[in-house]
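Numbering (this note's numbering), first residue to last: 173 to 373.
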């Protein structure tokens, strides 16, 4: 289907045993996946109520982290950020003030500026989201909510009504850009400021 390793280097090595060709199956089950990973973490994490935070992570005031969640080594989370329904941050991820992240994996050295929303997505390494950009995960405006994705000129049905984006390593998402549900971006993609990405109309 969609080999995630083609988008995110060594994803399968980091997340062993997960479905490596249907990213929406991962995000839909991310709460259970994170709960299992937490059981394998070492004493360099502080773990309480299914929330694991690396001792080197910096978390500013008024951040809400709902269980389960993993905040990795050298991560930074700005004030008033809101994490819900399963979030995994790899090493050195920066989340700016006022961001909301839901049911998503964000890989190492990625920065999400401020006032961003990322829902039900898998975000690669060394990606930059400028302020106000959105990875939408639900078709509010459509009567049929099931999400389709476009890969290699083929439309693939996810049979899910919640899936955001799969974004390849080293991509750049401009300020106030919107990635429609089911967006698939190759490595090194550039989305311009204010651009709307809608791959399946």
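Every residue, glycine too, gets a C-beta built ideally from N, C-alpha and C. Note that the structure is a prediction, hence the values are computed from the model and not measured.
Distance, residue j Cα to residue i Cα
i: residue 354; j: residue 319; result: 6 Å
i: residue 340; j: residue 322; result: 15 Å
i: residue 334; j: residue 372; result: 15 Å
i: residue 208; j: residue 202; result: 10 Å
i: residue 185; j: residue 312; result: 35 Å
i: residue 358; j: residue 297; result: 12 Å
i: residue 244; j: residue 365; result: 29 Å
i: residue 187; j: residue 181; result: 11 Å
i: residue 223; j: residue 363; result: 33 Å
Cβ pair residue i, residue j closer than 8 Å
i: residue 248; j: residue 230; result: yes
i: residue 262; j: residue 278; result: yes
i: residue 290; j: residue 258; result: no
i: residue 301; j: residue 315; result: no
i: residue 195; j: residue 174; result: yes
i: residue 255; j: residue 242; result: no
i: residue 200; j: residue 228; result: no
i: residue 370; j: residue 352; result: yes
i: residue 216; j: residue 204; result: no
Presumed contact (8 Å Cβ cut-off) between residue i and residue j, rounded CB distance
i: residue 349; j: residue 367; result: 5 Å
i: residue 269; j: residue 253; result: 7 Å
i: residue 198; j: residue 295; result: Contact doesn't hold; Cβ gap of about 12 Å is too wide.
i: residue 280; j: residue 345; result: Actually they do not touch by this definition, with Cβ atoms about 17 Å apart.
i: residue 145; j: residue 309; result: The question about residue 145 has no answer here: the residues shown for the chain are numbered 173 through 373.
Sheet register partners of residue i (DSSP bridge)
i: residue 255; result: 237 and 273
i: residue 291; result: 274
i: residue 226; result: 217
i: residue 338; result: 294 and 356
i: residue 260; result: 242 and 277
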